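Under numbering that gives the first Met the number 0, think of the first position of the sequence shown as 0, with each following residue one higher.
Cβ coordinates follow ideal geometry from the N, Cα and C atoms, glycine included.
The model shown is predicted, which means the values in this text are computed figures rather than measured ones.
See below for the structure under consideration.
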Amino acid sequence: MDLLSDPDLLPLLERSTEGELEIHGGIGRLRIDLKPDDIRLWQDTLVTISTPCNLLLACEKGEVDLEATLLTWVVGAAIRAAQVQGADEAGGLLEKLGVDHHLVLAAQQHCPGLGGRITWAFYLERHGWLTATPVAAMPHG
0 MDLLSDPDLL PLLERSTEGE LEIHGGIGRL RIDLKPDDIR LWQDTLVTIS
50 TPCNLLLACE KGEVDLEATL LTWVVGAAIR AAQVQGADEA GGLLEKLGVD
100 HHLVLAAQQH CPGLGGRITW AFYLERHGWL TATPVAAMPH G
């Protein structure tokens with residue numbers, strides 16, 4: 000099944016404009032990227048990771064503990080994988096990586112399956128927006 004035909008992601012796709020959905024969260028914005036080419040790039044990264052994960056994170060450093068680095072711009076970033084249990088744990092990790100609390104709340108509210116059956120990729124844009132891209136979904140059930 001095509002990822003964007005997943006029943007949990009269809010409402011995002013229906014609300015998006017040109018493959019993007021912007022949600023204001025406090026002083027920043029959450030941008031949900033649903034563009035097929037961008038999803039495919041993250042999927043290409045996911046297949047190179049040998050451990051189970053439901054988060055892909057663009058981080059400043061790849062050689063330190065995950066919680067000792069910060070989320071950053073995707074260009075030149077170390078792509079780190081994490082496996083979390085639920086949206087609360089995903090949000091806690093994003094906050095430890097330097098993401099603003101309001102943006103974390105927006106991600107928890109607007110990224111279906113976060114920390115569960117849908118793998119999400121996250122990075123911070125240069126102007127501080129949080130970008131989230133769905134990458135893969137486990138079947139329901």
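Rounded to the nearest whole angstrom, the C-alpha separation of leucine 104 and leucine 20 is 16 Å. Distances from the CA of aspartate 87 to each of Val63, Gly114, Gly97 were compared; the closest alpha carbon is that of Gly114.
If you draw a straight line from the Cα of glycine 75 to the Cα of alanine 89, it comes to about 23 Å. A check of alpha carbon separations from aspartate 32 across Val63, Leu3, Thr50, Ala80 identifies Leu3 as the nearest. By the Cβ neighbour-count rule, valine 73 is buried, with 16 or more other Cβ atoms within 10 Å of its own. Separation of aspartate 5 and glutamine 108 (C-alpha to C-alpha, rounded to the nearest whole angstrom) is 17 Å.
Within the DSSP secondary-structure output, alanine 131 pairs in a beta bridge with Ile31, Phe121. Annotation for leucine 56: the continuous beta strand (DSSP E) segment containing it runs 54-58. Pairing alanine 81 with leucine 56 gives a Cβ-Cβ distance under 8 Å.
Note on geometry: alpha-carbon atoms of arginine 28 and threonine 68 lie some 22 Å from one another.
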